[in-house]
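Start counting the sequence shown at 610; every next residue gets the next number (my numbering).
Note that CB positions come from ideal geometry on N, CA and C, so glycine has one too.
As the structure is a computational prediction, the values presented were derived from the model and not from experiment.
What follows is one structure encoded as structure tokens, with my remarks underneath.
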Amino acid sequence: MATITHDIDHAAARLKAGELVALPTETVYGLAADARNPAAVAKVFALKGRPASNPLIVHVTGREQVDAWAVSVPEAAERLMAAFWPGPLTLVLPAHADVLPAVTAGQASVALRAPAHPQAQALLSAFGGALVAPSANRYMSISPTCAAHVAQQFAGDELLIVEGGPCAVGLESTIVSLLDAQPRLLRAGTLEPVAIEQVLGQPLLRGGAGEVRVPGQHHKHYAPGTPAFAVTELPVCAKQDARCGWLLVKPRSDLAGPVQCLGDEPIAYARGLYAALYALDNAGLERIYVELPPRGEAWTAIHDRLSRATQPA
Ligand code: TXA
Ligand code: MG
């Protein structure tokens, strides 16, 4: 059974003993393990049901730990770390030869992030090393943004979950690769590309990860179990059907089934998105209809996750 705790020292002791601990971050909850312990890292892949070809993000307290993982740190990385760490930004850098191949999926690069959540920082400090932490969900299901949803994902497993409240950001971190002369956006997050470009003083390449594998970009990632459909107009025939649930931008009162309304403000929408999907997915529905939110740079990561969670109606 999964257990929720506030005891950081106990959680750190479990990590040192090679066990897994779910930790809160400002983006989503992560399934953490000692990044230097091959047996502990193997447990992460086994518990998630994650393919070995999908590399893990190494979580550190900050810049001071980076040289232990990256063999070189370009000036662009220094600037991004100074501007956005701790925070929802992951950097892909050339890996040290001693980084476990299970962590990098055998690639020559390593993904690094310093989370801002106080409990994540406290746990990293108490542990005294770095932690791999993929999102704390089973492979291909919805990332958890509160301890209860982690507990739901791993209900039948012995897993300690550090309570950290609801995640403030709510979507997985922005991932930027600094392996080549031009920085490249590998995964959209809530940190907007223009903010990154301003700090870099150069454009961010987008799309096409080249030689780098980002298998979390699988088109069916982040999907609820209930069939979910993206719509611009709500289908009339479903409105009076109580077996249909709705994820809406604007509230309305003409629907028979359960409604989750996230509003038209992208920060609040991102913060609430996964909890709303869990609520609808847990409601025993036949279908979920997702009303597509506005377009625009601030909505890019939201549309990315929605396109993976839904199919066209
Ligand atoms: O916000 C987040 O990043 C959360 C929290 C827990 O920190 N973690 C997270 O981890 O989203 P995960 O494993 O669900 O997604 C990590 C993504 C995957 O798509 C993986 O392929 C990519 O990072 N990744 C990891 N190492 C990489 C590397 N060396 N090069 C390119 N992509 C990498
Ligand atoms: Mg994930």
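Expected contact under 8 Å - CB spacing of residue i and residue j to nearest Å
i	j	result
D873	L740	About 36 Å; that fails the 8 Å criterion.
V785	L794	6 Å
L780	R917	No, L780 and R917 are not in contact; Cβ-Cβ is about 12 Å, not under 8 Å.
A720	P664	6 Å
L640	A757	Not really, about 15 Å apart at Cβ, beyond 8 Å.
Coarse secondary structure for residue i, derived from DSSP in three states
i	result
E906	helix
F838	strand
C846	helix
Y898	strand
V868	strand
S734	helix
Q920	strand
H758	helix
L709	coil
H619	helix
A885	helix
A679	strand
A832	coil
R688	helix
I751	coil
Q716	coil
Length of the line joining the Cα atoms of residue i and residue j
i	j	result
A910	V868	22 Å
P572	L857	Outside the displayed range of the chain (610 to 922) lies residue 572, so it cannot be described from this structure.
V821	G905	Bear in mind that a pLDDT of 42 at V821, under 50, signals an unreliable position, so the number given afterwards is only what the model happens to contain. The alpha-carbon atoms of V821 and G905 are separated by roughly 27 Å.
A686	Q730	21 Å
Q920	P875	21 Å
A651	T799	30 Å
G854	T841	15 Å
A892	P753	17 Å
H615	E806	38 Å
A631	V682	29 Å
L732	L656	21 Å
I770	A847	38 Å
G834	A907	27 Å
R815	V845	38 Å
V667	S862	45 Å
A851	Q791	51 Å
I897	A922	10 Å
M749	Y831	5 Å
F693	A865	44 Å
Q761	A620	19 Å
R645	K859	47 Å
L768	D890	23 Å
Which residues DSSP lists as bridging residue i, in chain order
i	result
G639	L632 and S744
T614	V771
S786	V701 and R793
G854	I897
R815	L794
H668	R722 and L740
Below-7 Å beta-carbon distance, residue i vs any chain D residue
i	result
G816	Annotation note: the requested chain D is absent from the structure, which comprises a single protein chain.
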